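**Q**
4 protein chains.
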Amino acid sequence: MRAAVLTALESIELQERPEPEAAPGWVVVQVESASLCGTDVHQYDGRIDTPFPRVPGHDFSGRVASVGEDVDESWVGRAVAVKPSLPCGDCPECHTDKPFDCKRKKLIGLWSDGCMTERVAVPVVNLIPRPDGVEAWQASLLEPLAVGLNTVDRLRIILGESVVVLGQGPIGLALTRLCALSGAGKLIVTDAREAPFEVSRSFGATDCVNVAETDAQEAILELTDGVGADIVIETSGFPASSAMCLDVVRKEGRLAHIGWANDLPPLPVIPIMAKTLTVYGVGGNGGRGQYERALELVRSGRFDLDPLVTHRFSLDDVAEAFDVASSKAGGAIKVIVSP
Amino acid sequence: MRAAVLTALESIELQERPEPEAAPGWVVVQVESASLCGTDVHQYDGRIDTPFPRVPGHDFSGRVASVGEDVDESWVGRAVAVKPSLPCGDCPECHTDKPFDCKRKKLIGLWSDGCMTERVAVPVVNLIPRPDGVEAWQASLLEPLAVGLNTVDRLRIILGESVVVLGQGPIGLALTRLCALSGAGKLIVTDAREAPFEVSRSFGATDCVNVAETDAQEAILELTDGVGADIVIETSGFPASSAMCLDVVRKEGRLAHIGWANDLPPLPVIPIMAKTLTVYGVGGNGGRGQYERALELVRSGRFDLDPLVTHRFSLDDVAEAFDVASSKAGGAIKVIVSP
Amino acid sequence: MRAAVLTALESIELQERPEPEAAPGWVVVQVESASLCGTDVHQYDGRIDTPFPRVPGHDFSGRVASVGEDVDESWVGRAVAVKPSLPCGDCPECHTDKPFDCKRKKLIGLWSDGCMTERVAVPVVNLIPRPDGVEAWQASLLEPLAVGLNTVDRLRIILGESVVVLGQGPIGLALTRLCALSGAGKLIVTDAREAPFEVSRSFGATDCVNVAETDAQEAILELTDGVGADIVIETSGFPASSAMCLDVVRKEGRLAHIGWANDLPPLPVIPIMAKTLTVYGVGGNGGRGQYERALELVRSGRFDLDPLVTHRFSLDDVAEAFDVASSKAGGAIKVIVSP
Amino acid sequence: MRAAVLTALESIELQERPEPEAAPGWVVVQVESASLCGTDVHQYDGRIDTPFPRVPGHDFSGRVASVGEDVDESWVGRAVAVKPSLPCGDCPECHTDKPFDCKRKKLIGLWSDGCMTERVAVPVVNLIPRPDGVEAWQASLLEPLAVGLNTVDRLRIILGESVVVLGQGPIGLALTRLCALSGAGKLIVTDAREAPFEVSRSFGATDCVNVAETDAQEAILELTDGVGADIVIETSGFPASSAMCLDVVRKEGRLAHIGWANDLPPLPVIPIMAKTLTVYGVGGNGGRGQYERALELVRSGRFDLDPLVTHRFSLDDVAEAFDVASSKAGGAIKVIVSP
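Residue numbers (this note's numbering), protein chains in the order written: chain C, 1 to 339; chain A, 340 to 678; chain F, 679 to 1017; chain B, 1018 to 1356.
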C-alpha cells in the first residue's frame, strides 16, 4: 500500500509499504481522511525531533478493515474516529483496564508510524464510532477540539468572564469557539496575520488584535478597562506572546499555557505570586471523554469545522500538503489529506 | 404623586401619595420603567401574603432625583438600575460594610412600598449606574437574569452537558438563555403553553416539550438516550413538574430548584441518595455582582431582552397591566409599566 | 465447605455448601475476616428485602485460593481486600473497561451469595492487594470508610468549617473521623445512645449530643452561635434526625444524606431554596479509588479501626453475631466474623 | 513614646517619637505584642528596599487606646489583633465599602511606620476583637497562619493526598500544620537546618528531609513511589528549592509558590504543560476572613503556636531581637517583641 514517508527534514515522499496486521486487541483502519497538525509540520520542519524514516500523522478517521484476536467482529466495516495516543500496554494502568491513564502514552505518527497512508493498525480502545451526520473529514479534525475541551474543562469559565486567546492557529481558533460556547464575555484574540480573524469572528471573538500592527499588551489592557482579562490562554508558542501573558491577566486571574515550543521563555515567579494567579499547563487532550464530546459538538452543529479547512489534497499530493501547511501559504489553517 | 396601590386581593388602583424623602445614605429615584414579576402577580392573586394597602413592584430603573445626607451629590441625574432587596441596616453584616450579606434583606414592594409609582426612595448601595446603550426598559428587567446567574454560577455547566429547564415563564426563559450561553449541549425546555416556545428556541433551546400534550418524563428520557439529563432546573413551581425532577435527571446528576410555591411536593430522599444527586436550592439573586453582570449581558447584546416583553402599559393603566400579567392573556411573558 | 445461610427472617444457620469455582476473569478468595454491616442486619431483621436462602455478607478480606482463565497466576496466595459490588459484565461500561462505572452493580451478599462462608468467588477487578501492616480484620472493615470518603470528597470541607454528624453508628463514626481528618473545626455529633460517644471523642468530635436526653436542634444552634452549622451529615436513617437537618444547617450551608431507611420523611423544598442550600445524596462508596484510599488511611495509622470493633465471633457462632449486631447489645458497634 | 527605628541597613535603635493620633475612621492601638516577620528582617538586612528612617513591624496585637471620629466609642479598651495591610482609602473598592479588595493595599511597617513601638494608629476596619482564651503574644503571630490559610483554601487538599512543604521557616511550618489539619496524607517537609524539624514533626510532618545532607529530589521521589507528590508548596524563597518544584510534583499535580525573593529562578513552561500541572501563586493573606479563621484555630487549640516562639525580647532590646531573627542564631524561628 502507499504511505507518505518523512525521509529527512523537509522531505516527504510516497513509498510502497507492507500491509499492517492487527495484533490481539488491535484493529486495522482503512484511512478515509487525515488532517495535518502542528506536530506533523514541526516533524517536517525540524522543530520537533523525529526519527527518519517515519510515516507522520495522528488525527484521522476511517473504517475498520479487520480485527485482531479478542476484538468483536462487529467492528468490521464501522466508521470510526481514532484517538491518537497509544497506551504502552505494559504499565500498572494499562494492566488494570485504565489505558487512558497510561503515563507513557505515545503519539502515533511520532513514536510509531502514523496515518498518512492507506491503512494503519491501532488498539480497539482507541476507536470512537463515528455517528450518522458526521463526515470522515470532520472526524479527522477532532484533536484541536479535544485539546481545547481539556483546557476549558479546567478553566471553568464563569458566564461573562473576559478571555484572551493568544494565537489563532487551529488550537487557538478551536479555543476561541469553545470559550464562546462556554460563556466567555469579552473574547479577545491575537495573531500576527489578518487571515484567521474572519474565522475568529465567526467563532465568537469580540475583538481581534493583529500583533504585527498593534501593541497587543496596550490594546488588551484598554479593552479590559486597564485591569487585564479574567483568563488568558496562550496557544501561539511564540516567545513574545508567552512573555506577555502575565501582563495582560488581571489580579487573581487564570492563565493557561498550551502553545508548545522549545524556545518559550520561562515564567517569572514574582508576578504569579504578586497577582495571585493560577496557571494551568495543558499538555494534551486529557483522554477522559474529550474526544467523544468533541465529536458530539461537531455532530450537533455547535462547532462548525468548515471554516477551519482551507486546503484539501489527495495522498498522492502529500508533499504539496506539507509545503502549504508549513509555509501557511494562502492563509492556510487546516490542511486535509485523503487517501 | 401618583402610585399604584394594592388595596385588596385582585384590586389595584391609582392613588395620590406624598413625595418620598431621602434619609441619610438613601436617594430618591424617579422611576422610568418597572416590570411585573411573579411576586407582584402573586401579591395580587393571593398566592403570596401581603399587607394592604401596598405599592407593589421591585424590578425597576430610573434616574436619581435627589440624595440624602452622606451621599455623593454627583449621583443626581444619573441613570440607574436598582437592586430590589433592602438590607436591614441593623445587623452585624450591615454594620460592617457587608450589606449584601444581610440575612434579613427585605424585598421592596412586598415588605415596604415599591416602584409602581413616580418616585421611590432606596439606599444608595442598591444603585447600579446604567451604562450607555442600555435603555430604561431593559434595566427594569434584570432580576430574572440575576436570579438565573445565581443559578448557573452554582451549577457550573461543563461544555456539552444536557440541561432540562422545567417551565418557560420569565425565570425559565432567562435560564434557557443563560444555560445556552454557558455551554449547555442538548437544552430541553418544558411548558404547559406553546406560546413561549418561540422565544425558547430563539434563546437556544434544542427541544421544546409541551407538558399539556406530551408525557414529559417519557419525552425527556427519550431525548437523553434513556439515562436522563446531566442537569435539571425546576422553575415552574408546579407540583407535577417538581415531582418529575428526580425521574429525569441522570445518576450523579445535578438538580436546581427555583420555582417557588406554597404547594410544592417535598423531595423523597431515597432517590437523591440512590442516584447520588446534588440538589441546589436557589433563593434569590445572590447579591454578589449578579446584577452588574446581568446588565453587562444586556449591554453587550448577548442577552436580547426584546422577545420577553409582550405588553407595555402606562402607570395610568396599571390595573390592566396586572390583569394581563395575572391571566397571561395574549401569550403574556413580561409586562412593563412606565410612569 | 461451611456457609452461614439466612433461611428466613431472623433465622441464620450454618450449612454445607459446594465449593465455588472461578469463572474466566474471576478468582476464589479464602475468607479470613468478614464484618457485619447494617445491610446484613437489615436483611436479617427484614428492613431490607432479600431472597431466602441467601449467604449474607460483603465487607471482607482473605487470600486468593485459585484463579480462573485470563487471570494472572501470581494472584494465588496474595492477601486481598475485596470491593463489595459486582459489575454486571454486560453493559456498555463493563464492555469498555470501566466496570466501576457499571450502573447495574449489585451488592454481593444481597443480590448473590456473599462472604459469610469459607470461600467465595469474585471478579479479579474487585481485588485490592492488602499491604504489609494491615491485618485481615482491618481489611474487612473498609466499606464504612469508603462510603465516608465518597461523602467528604464531595463536601470539600474548608479548614475550620463546622460540621454536624447525625448518628454515630459505624458510618457516622467513620464520618466523624474523616471529617476531623479533613479539617472540620467544631465537630458536633449526635446519637440516641451514650455508648459510641467515647469513640466519637477519640475520633475528634468536639461536642456530643444525646438526642434521647437533649433537644438536639436547640443544642446544635446554641453550639453554632444560633446560625447553624456549615455542613450537616445525616447518617442515622431515623425520620426525626432527617427532619431536623434543614433546621440546623446555616444559610448557604451544605447537607449530605447517607442514612438509608424506607421510612425517611421527604425534604421540603421551600427551606432548601430559602436557605440557598446544597444537598448531596450519597449512595455508596463511589467506586473510584475510595477503597484504595481507605486502605491507606488504615495502613498509615491515620484511621484507627480498633475502637470500632466491639465483638468478634467465629463462623460457627454466626447466629450469635447476628443477634448482637441486630440488638446492639453490649454497646455493639462493629461485629467481626472469622471463618 | 519609644519606637524602634531602622535608620540604615542593619541599624535599628530606640528613639522618642510623637504620639499618634486617630483620624476619622481610625483608632490608636496600645501595642502589647509584636512579632518579627521575614519582611522586617529583610528590611533590616537589605533584601527588601525600605525608606529610612522607618519604624518596622506589622504583625501585632494590643488594646484600643482611643478612637477617631465616626468610630464607635465601645472599641476603647478592647483587646484586638490587627490586620497588617492598610487600604488606600481612595480607590473604587475603598469608596464602595470593600476596603479589603483594595488593589493598592500597603503593608504597615514597610510603606508607613509600623508596630515596633508603644502605640500606633490604624483604620478601625483592620481590627479583629481578640476573644477570651487568646493571649496577646498569640494574637501577634497570626499572619503566617492567614497566609497559610489563603494557600490551603486554594489548594483544596483531598483527604490523603501527599504534600511536600519546601522550607520550614515560620510560613513553611504554618503550612505544615495547616496541611496536616486539612487532610494531607504523606506530609514531607524540607529545610537546610535540623532545628525546625522537631516542630515540623509535632505539627504533623511524616518525613523531614535535610537538604544540606540529602539529595532532596531523590528523597522525595523515593517517598512518593517515584511518581512525585500530589501537591508541592514552595515557601523557602531559595532558588534551588524553587527549581526543584517541577521535578517532585506528580503528573496532573498542584504547585503553590509563596516563598518570595528577588532572585527566584523563573519557571520553565514545557514541564508545566507536559505534566499538566496547576500552579498557584500566593501573594498574601487574602483578606477575606483568613485572619478571623486563624484566630479561631488558635483559640480552639487546633493550632498550637507555642513551638514557633523561640525568643522573646522587650522593646528596649529590639536591636538584639533583630540580630537573632536575622542570623537565626540559636535555632530561631519566631521572635517576639513586647513593649
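Glycine residues also receive a C-beta, built at the ideal position from the N, C-alpha and C atoms.
As the structure is a computational prediction, the values presented were derived from the model and not from experiment.
Could you run through the stretch 143-171 of chain C and flag, in chain order, every residue whose CB is less than 7 Å away from some CB of chain A?
**A** Listed by position, the residues of the stretch 143-171 of chain C near chain A (Cβ gap below 7 Å) are LEU149, VAL152, ASP153, ARG156, ILE158, LEU159, GLY160.
**Q** Starting from F/VAL754, trace the alpha helix (DSSP H) in both directions and tell me its first and last residue.
**A** Residue 754 of chain F sits at position 76 when you count from the first residue of the third sequence. First-last for F/VAL754: undefined, no H or E at that position.
**Q** Assess, as a yes-or-no matter, whether the stretch 744-756 of chain F is touched by the stretch 700-712 of chain F under the definition of 3 or more beta carbon pairs within less than 8 Å.
**A** Yes, the stretch 700-712 of chain F touches the stretch 744-756 of chain F.
**Q** In whole angstroms, give me the CA-to-CA distance for A/SER653 and A/PHE661.
**A** Walking along the second sequence from the start, residue 653 of chain A turns up at place 314. Walking along the second sequence from the start, residue 661 of chain A turns up at place 322. Cα to Cα, the separation comes out at about 12 Å.
**Q** What's the C-alpha gap between B/ILE1287 and A/CYS518?
**A** Numbered from its first residue, the fourth sequence carries residue 1287 of chain B at position 270. Numbered from its first residue, the second sequence carries residue 518 of chain A at position 179. For B/ILE1287 and A/CYS518, the distance between alpha carbons rounds to 35 Å.
**Q** Give the C-beta separation of C/LEU295 and C/ILE272 to the nearest angstrom, bearing in mind that I take them to be a contact with Cβ-Cβ under 8 Å.
**A** As a working note, residue 295 of chain C is residue 295 in the first sequence. As a working note, residue 272 of chain C is residue 272 in the first sequence. Between C/ILE272 and C/LEU295 the Cβ distance is about 36 Å, and since that is not below 8 Å, they are no contact.
**Q** Taking only beta carbons into account, state which residues of the stretch 1295-1329 of chain B come closer than 8 Å to chain F, listed in chain order.
**A** The residues in question are ARG1310, GLU1313, LEU1314, SER1317, ARG1319.
**Q** Round the Cβ separation of B/SER1129 and B/ALA1098 to the nearest angstrom and send it over; I've been treating them as touching at under 8 Å.
**A** For the purposes of this step, residue 1129 of chain B is taken as the residue at position 112 of the fourth sequence. For the purposes of this step, residue 1098 of chain B is taken as the residue at position 81 of the fourth sequence. B/SER1129 to B/ALA1098, Cβ: 19 Å. No contact.
**Q** Nearest to A/GLY416 by alpha carbon, out of A/PRO423, A/VAL370, A/LEU480, A/TRP599?
**A** Start at 1 with the first residue of the second sequence, and residue 416 of chain A comes out as number 77. Among A/PRO423, A/VAL370, A/LEU480, A/TRP599, the Cα nearest to that of A/GLY416 is on A/VAL370.
**Q** With a Cβ-Cβ cutoff of 9 Å, do A/GLY377 and A/PRO509 count as a contact?
**A** The sequence position of residue 377 of chain A within the second sequence is 38, counting from 1. The sequence position of residue 509 of chain A within the second sequence is 170, counting from 1. Yes. Within cutoff.
**Q** Considering only DSSP beta bridges, list what C/LEU86 is partnered with.
**A** Taking the first residue of the first sequence as 1, we reach residue 86 of chain C at position 86. C/LEU86 pairs with C/LYS106.
**Q** According to the neighbour-count rule (16 or more other Cβ atoms, all chains shown, within 10 Å of its Cβ), is C/SER327 buried or exposed?
**A** Position 327 of the first sequence, counted from the start, is the residue given in the question as residue 327 of chain C. The residue is exposed, with fewer than 16 neighbouring Cβ atoms inside 10 Å.
**Q** Under DSSP, the alpha helix (DSSP H) around A/THR490 begins and ends at which residues?
**A** As a working note, residue 490 of chain A is residue 151 in the second sequence. From DSSP, the alpha helix (DSSP H) with A/THR490 extends over 482-494.
**Q** How close, in whole Å, do the beta carbons of A/ALA568 and A/ARG589 come, if the pair is a contact with beta carbons under 8 Å?
**A** Taking the first residue of the second sequence as position 1, residue 568 of chain A is located at position 229. Taking the first residue of the second sequence as position 1, residue 589 of chain A is located at position 250. Correct: roughly 6 Å between the Cβ atoms.
**Q** According to a CB-to-CB cut-off of less than 7 Å, which residues of the stretch 177-209 of chain C neighbour chain A?
**A** If the cut-off is 7 Å between Cβ atoms, the stretch 177-209 of chain C has LEU178, LEU181, SER182, GLY183, GLY185 near chain A.
**Q** Given a threshold of 16 other Cβ atoms within 10 Å of its Cβ, counted over all protein chains shown, does A/ARG284 qualify as buried or as exposed?
**A** Examination of residue 284 of chain A is not possible in this model, given that chain A is present from 340 through 678 alone.
**Q** For B/SER1259 and chain C, any beta-carbon pair shorter than 9 Å?
**A** Taking the first residue of the fourth sequence as position 1, residue 1259 of chain B is located at position 242. It does; some Cβ of chain C falls within 9 Å.
**Q** Have a look at B/ASP1066 and B/TRP1277 and give me their C-alpha separation to the nearest angstrom.
**A** Along the fourth sequence, read from residue 1 onward, the residue named residue 1066 of chain B stands at position 49. Along the fourth sequence, read from residue 1 onward, the residue named residue 1277 of chain B stands at position 260. Approximately 14 Å between the Cα atoms of the pair.
**Q** With DSSP as the reference, identify every bridge partner of F/THR956, one or two as the case may be.
**A** Within the third sequence, numbered from 1, the residue matching residue 956 of chain F stands at position 278. Note: F/THR956 sits in a beta bridge opposite A/TYR619, F/ARG932.
**Q** Please list, in chain order, the chain F residues whose beta carbon lies closer than 7 Å to that of A/HIS596.
**A** Start at 1 with the first residue of the second sequence, and residue 596 of chain A comes out as number 257. In chain order: VAL947, ILE950, MET951.
**Q** With C-beta atoms as the reference, is F/ALA918 less than 9 Å away from F/VAL889?
**A** The residue given as residue 918 of chain F occupies position 240 in the third sequence. The residue given as residue 889 of chain F occupies position 211 in the third sequence. It is a contact, given that the beta carbons lie within the stated cut-off.
**Q** Alpha carbon to alpha carbon, how far is A/SER372 from A/SER677? Give it in angstroms, no decimals.
**A** Taking the second sequence and counting its residues from 1, the one referred to as residue 677 of chain A is at position 338. Taking the second sequence and counting its residues from 1, the one referred to as residue 372 of chain A is at position 33. Approximately 5 Å, taken between the alpha carbons.
**Q** Rank A/ASP655, A/ARG493, A/HIS381, A/LEU644 by C-alpha distance to the C-alpha of A/GLU482 and give the top, closest one.
**A** Counting from 1 along the second sequence, the entry for residue 482 of chain A is found at position 143. A/GLU482 has its Cα closest to that of A/LEU644, out of A/ASP655, A/ARG493, A/HIS381, A/LEU644.
**Q** Do the stretch 215-232 of chain C and the stretch 152-166 of chain C make contact, defined as three or more Cβ pairs closer than 8 Å?
**A** Yes, the stretch 215-232 of chain C touches the stretch 152-166 of chain C.
**Q** Applying the 10 Å Cβ sphere with the 16-neighbour rule, what's the burial state of F/THR892?
**A** On the third sequence, position 214 is the one that residue 892 of chain F refers to. It is exposed - the Cβ of F/THR892 has fewer than 16 other Cβ atoms within 10 Å.
**Q** Between which two residues does the beta strand (DSSP E) holding B/PHE1339 run?
**A** Counting from one through the fourth sequence, the residue named residue 1339 of chain B turns up at place 322. Premise fails: B/PHE1339 lies in the alpha helix (DSSP H), 1335-1344, not in any beta strand (DSSP E).
**Q** Give me the chain A residues within the contact set of F/PRO734, using Cβ-Cβ distance strictly less than 9 Å, ordered along the chain.
**A** Here residue 734 of chain F refers to the residue found at position 56 of the third sequence. In chain order: nothing, as chain A lies at least about 21 Å away.
**Q** When we look at the beta-carbon of B/VAL1241 and count the other beta-carbons within 10 Å, is it buried (16 or more) or exposed?
**A** What you label residue 1241 of chain B is simply residue 224 of the fourth sequence in a count that begins at 1. Per the sequence presented here, residue 1241 of chain B reads as Thr, with Val not at that position. It counts as buried.
**Q** What does the Cβ neighbour count give for C/ALA8, buried or exposed, with the cut at 16 atoms within 10 Å?
**A** Counted from its first residue, the first sequence places residue 8 of chain C at position 8. Exposed, since its Cβ has fewer than 16 Cβ neighbours within 10 Å.
**Q** Within 10 angstroms of the Cβ of C/ARG119, are there 16 or more other Cβ atoms? Answer buried if so, exposed if not.
**A** As a working mapping, residue 119 of chain C is identified with position 119 in the first sequence. Result: buried.
**Q** With 9 Å as the threshold, decide whether the Cβ of A/LEU446 is near any Cβ in chain F.
**A** Against the second sequence, residue 446 of chain A aligns to sequence position 107. For A/LEU446, the answer is no, since every Cβ of chain F falls outside 9 Å of its Cβ.
**Q** Starting from B/ARG1080, follow its DSSP beta bridges and name the residues at the other end.
**A** Residue mapping note: residue 1080 of chain B aligns to position 63 of the fourth sequence, counting from 1. Paired residue(s): B/GLN1047, B/ALA1096.
**Q** By Cβ distance below 8 Å, which residues in the same chain neighbour A/SER479 in space, the five residues on each side in sequence not counted?
**A** Residue numbering aside, residue 479 of chain A sits at position 140 when the second sequence is read from its first letter. Closer than 8 Å at the Cβ level, and outside the excluded window around A/SER479, lie GLU371, SER372, ALA373, SER374, ASP398, PHE399, SER400, ALA420, ILE675.
**Q** Tell me the residue span of the beta strand (DSSP E) that contains F/ILE836.
**A** Against the third sequence, residue 836 of chain F aligns to sequence position 158. Where F/ILE836 is concerned, there is no enclosing beta strand (DSSP E), given that its DSSP letter is neither H nor E.
**Q** Should B/LEU1281 be flagged as near chain C, meaning a C-beta pair shorter than 9 Å?
**A** Numbered from 1 along the fourth sequence, position 264 holds the residue referred to as residue 1281 of chain B. Yes, its Cβ sits closer than 9 Å to a Cβ of chain C.
**Q** What is the DSSP secondary structure of F/VAL987, counted as helix, strand or coil?
**A** In the third sequence, counting from the first residue as 1, residue 987 of chain F sits at position 309. Residue state, collapsed to three classes: strand.
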